[in-house]
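Residue numbers (the numbering used here): 29 to 184.
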């Protein structure tokens, strides 16, 4: 799976925003304990996030080959002990973590009516058949702490 410029910029923006968003009413930084990366792909966003927060980062990826690559990337990093990759459908897997999240990030599949690739894995990564925006927002609503934050990379 390829890393995109959009994802790199998104990860950098989220890392910067985390410093600004996670403060209490006195301006003290709040500790992010549990993060969720929905559709982690190569694990790029999880790795970028791990550099900014000290909490646990849980990741869900439906494509087994991508999840394996994300696990390898996490294991090779200094943050691998805090990054947990699960393979499966986010709609079914998120509840297995057994917690709500302070922070949820996602670079979801968002193509709906565009031309399909001959590659099934590219279609899963790019098209919203497996996880529609409505389903993604429902996951966020159900598993985000009331004071938590979420970040999505969406097309204009």
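Yeah, the Cβ is synthetic: ideal placement off N, Cα and C, and Gly gets one too.
- Shown here, residue 117 sits in coil according to DSSP, grouped into three states, outside any helix or strand.
- Secondary structure note for residue 62: it is in no alpha helix (DSSP H), and the uninterrupted beta strand (DSSP E) holding it is 62 to 66.
- Residue 126 sits exposed, since fewer than 16 C-beta atoms from the chains shown fall within 10 Å of its C-beta.
- The alpha-carbon of residue 96 is positioned some 25 Å away from that of residue 161.
- Residue 89 counts as buried, since at least 16 other C-beta atoms from the protein chains shown sit within 10 angstroms of its C-beta.
- Distances from the CA of residue 181 to each of 62, 68, 172 were compared; the closest alpha carbon is that of 68.
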